[in-house]
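Undergrad: Below: one structure in structure tokens.
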Amino acid sequence: MASLLPDQQTLAAHISTLLLTLETTAQAYFQSGQLEPALEICQMGMQLIQRPETTATAQAQLKLVYGNMLAVKTNFENTPIEDALLVLEEAKVIAQKTDTPHLLADALQSIGYAHYMAASNKREGDPHLLLPYFQQALEHRRRLQDNRGMSESLFYVGLISDVLGQMETARTYYTQALQLAQQHNYPREAFEALRHLGFLEQVRGNLSQAHHYFAESLQQLEQANIYVYLPFAHIVLADVCLDQKNTDQASFHCQQACELAEEMHIQKAHIFALLTHGRICQSKQASEQAREAFAQAYAIAHTIKLTYAMQQASTAQQNLSSN
């Protein structure tokens, strides 16, 4: 007698659909600047994938989304990276066992990103060790003709080249990443490439071109309703406007960054917005306001144990006292 109950394949399909809905919902919360609710939704998915009907690829996909968000939490709050790496490595193992190239590429990319964020916060580690993750991800994505993935990996190969002091190599990769992102309308990837092209121009003293890149990167986020990175986009615009002696525009962008960072509880962005606010006050000879901003930045950096930001805030306070 045939069973009246749904078979395993049907149940697996339902679970995969539900997991996809959870992932999409988590991404929507994340893009709106609500990281904690996004993580909570991912944790619901992590419980669901314990069901025996869940396919291996569905498990891996959920782990990638969750691991990436944990890595972003490390970026924003300097939390330990170990949980993110554990989940991402599990996704990589599944991708290898199931011979799923796009998941393997995503896992390599994500593991490299997680290691980079942890090393960046600590200002330690050998960037050479991170490069293979992004290069391997790029190779897989080229074979898969994954344009969005290629844009992302090209950017990170450029970023590591940048960290290694290979500025022209970095520029080449950033430009390639930007071209792909613009050609296929990938605003998040375009934002990253534009922002770092702006940094290269800022270092060279080409402030007008840097401002152009930074303004365009902000526009990419606003048009795509990607709110979570808006504070960072406003901070770099505030910095370059201050370099251009345009304190009114610098103040505007800095205020936007502070308000957004505070509202979305993005502590790293709040720290650097306050540091920029302090420099703006300093340029206006408002020493007490500058001192207060630097002190607030130091306090937040101390709370999340972001040592290099504490040092920047402390140095800014000392320089203010000596002038």
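In terms of full-length UniProt numbering, the sequence shown has 77 at position 77, counting the first letter as 1, and numbering is strictly consecutive.
Where a beta carbon is used, it is the ideal one built from N, C-alpha and C, also for glycine.
Applying the 10 Å Cβ sphere with the 16-neighbour rule, what's the burial state of TYR66?
TA: buried
Undergrad: With distances taken Cα to Cα, identify the nearest neighbour of GLN109 among GLN249, GLU222, THR24, MET150.
TA: MET150
Undergrad: May I ask you to report which of helix, strand or coil DSSP gives LEU4?
TA: Caution applies to LEU4, whose pLDDT of 47 falls short of 50 and renders its modelled position unreliable; the value that the coordinates give is listed next. Here LEU4 sits in coil by DSSP.
Undergrad: Have a look at GLN8 and GLU152 and give me their C-alpha separation to the nearest angstrom.
TA: 36 Å
Undergrad: Mind checking which residues open and close the alpha helix (DSSP H) that includes GLU222?
TA: 207–224
Undergrad: Is it buried or exposed, GLN220, if we count other Cβ atoms within 10 angstroms and call 16 or more buried?
TA: buried
Undergrad: Going by the beta-carbon positions, is the gap between LEU178 and LEU164 smaller than 8 Å?
TA: no
Undergrad: Taking the C-alpha atoms as reference points, what is the distance between LYS122 and GLN267?
TA: Take the alpha-carbon of LYS122 and the one of GLN267: they are about 16 Å apart.
Undergrad: Rounded to the nearest angstrom, what separates THR100 and THR57 at their Cα positions?
TA: 8 Å
Undergrad: Whole angstroms are fine: how far does the CA of ASN206 sit from the CA of HIS253?
TA: 20 Å
Undergrad: So for HIS115, helix, strand or coil by DSSP?
TA: helix
Undergrad: Looking at CYS258: is its Cβ nearer than 8 Å to the Cβ of GLN249?
TA: no
Undergrad: With residue 326 and LEU64 assumed to form a contact (beta carbons below 8 Å), what rounded beta-carbon distance in angstroms separates them?
TA: The question about residue 326 has no answer, for the chain in this structure spans 1 to 323.
Undergrad: Cα separation between GLY112 and GLN27?
TA: 20 Å
Undergrad: Is ALA84 closer than 8 Å to LEU70 when the C-beta atoms are compared?
TA: It is a contact, given that the beta carbons lie within the stated cut-off.
Undergrad: For the alpha helix (DSSP H) that SER251 lies in, which residues bound it at each end?
TA: 247–264
Undergrad: Between the Cα of GLN145 and the Cα atoms of ARG171, LEU180, ALA170, which residue gives the shortest distance?
TA: LEU180
Undergrad: State the DSSP-derived secondary structure class of GLY67, mapped to helix, strand or coil.
TA: helix
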